[in-house]
Amino acid sequence: MDNNEAIAFIKEREEKLGSRILYRTYSTWYGRIGKEKREYGVFLYSDGKVFIYEDFERTPQILGIPIKTRNKEKYEKLEVSFPAAAINEITRVTKRSAEISLYNGKDLSSPATLFDKALRAIVTKVVLDNGDVLFFELMDPKQFEKQAWEYKENS
Numbered sequence: 001m002d003n004n005e006a007i008a009f010i011k012e013r014e015e016k017l018g019s020r021i022l023y024r025t026y027s028t029w030y031g032r033i034g035k036e037k038r039e040y041g042v043f044l045y046s047d048g049k050v051f052i053y054e055d056f057e058r059t060p061q062i063l064g065i066p067i068k069t070r071n072k073e074k075y076e077k078l079e080v081s082f083p084a085a086a087i088n089e090i091t092r093v094t095k096r097s098a099e100i101s102l103y104n105g106k107d108l109s110s111p112a113t114l115f116d117k118a119l120r121a122i123v124t125k126v127v128l129d130n131g132d133v134l135f136f137e138l139m140d141p142k143q144f145e146k147q148a149w150e151y152k153e154n155s
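For what it's worth, the working numbering labels the leading residue of the sequence shown as 1, then goes sequentially.
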């Protein structure tokens, strides 16, 4: 996606949302217990009231060259939102414990230790007041947490 396409995409999302996007980032890996998992991640954005994440159809590539797969699964667009006010908890956990939680269909994760943070892949766990547990591998997890708590407080 070049810069012009990115600007057009953001404008389109703002029109759909009916307000300006104040925060946006990519999550390179994503999962929601009992629902979906995206190995290739999602685009996450917010207008300060609601967080929205969505994915895009992705063509498998090797070194930037598209490859054909024999058993291509039918792509279904993912677009989910949740109010900032619905956030109950934001915790850093190991990616492995998040994957185990996704596989088992229940939250088996615990906060990452200093040892974990030094040696393991870490993801951000978000718990919503409806019981949903989401995992994001964010580019800047501290910035997401700061924005999320600020938006929740102002909701």
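Think of the CB as a built atom: it goes at the ideal place given N, C-alpha and C, for glycine as much as any other residue.
Where residue i and residue j are concerned, what is the direct C-alpha to C-alpha distance, given to the nearest angstrom?
| i | j | result |
| --- | --- | --- |
| residue 126 | residue 3 | 30 angstroms |
| residue 92 | residue 79 | 23 angstroms |
| residue 153 | residue 11 | 26 angstroms |
| residue 114 | residue 121 | 12 angstroms |
| residue 123 | residue 38 | 13 angstroms |
| residue 81 | residue 87 | 12 angstroms |
| residue 15 | residue 8 | 11 angstroms |
| residue 147 | residue 75 | 31 angstroms |
| residue 132 | residue 5 | 32 angstroms |
| residue 29 | residue 41 | 4 angstroms |
| residue 150 | residue 143 | 11 angstroms |
| residue 43 | residue 54 | 5 angstroms |
| residue 112 | residue 128 | 19 angstroms |
Skipping 5 residues on each side, what residues in its chain have a beta carbon closer than 7 angstroms to that of residue i?
| i | result |
| --- | --- |
| residue 45 | 13, 21, 23, 24, 52 |
| residue 17 | 47 |
| residue 130 | 86 |
| residue 139 | 25, 26 |
| residue 102 | 31, 33, 37 |
Rounded to the nearest angstrom, how far is the Cβ of residue i from that of residue j, given a contact under 8 angstroms?
| i | j | result |
| --- | --- | --- |
| residue 95 | residue 33 | Actually they are not in contact, since the Cβ atoms of residue 95 and residue 33 sit about 14 angstroms apart, beyond 8 angstroms. |
| residue 85 | residue 19 | Actually they do not touch by this definition, with Cβ atoms about 16 angstroms apart. |
| residue 90 | residue 36 | About 20 angstroms separates the two Cβ atoms, so there is no contact after all. |
| residue 135 | residue 31 | 5 angstroms |
By Cβ distance below 8 angstroms, which residues in the same chain neighbour residue i in space, the five residues on each side in sequence not counted?
| i | result |
| --- | --- |
| residue 110 | 93, 97 |
| residue 117 | 92 |
| residue 57 | 75, 77 |
So, with DSSP's three-state summary, where would you put residue i?
| i | result |
| --- | --- |
| residue 83 | strand |
| residue 104 | helix |
| residue 16 | helix |
| residue 151 | helix |
| residue 39 | coil |
| residue 114 | helix |
| residue 130 | coil |
| residue 33 | coil |
| residue 56 | coil |
| residue 76 | coil |
Based on the DSSP output, what are the partners of residue i in its beta bridges?
| i | result |
| --- | --- |
| residue 172 | There is simply no residue 172 to check, as the chain begins at 1 and stops at 155 in what is shown. |
| residue 135 | 31, 125 |
| residue 109 | Paired residue(s): none; residue 109 is not in a bridge. |
Excluding five sequence neighbours on each side, which residues of the same chain lie with their C-beta closer than 6 angstroms to the C-beta of residue i?
| i | result |
| --- | --- |
| residue 83 | 50 |
| residue 141 | 124 |
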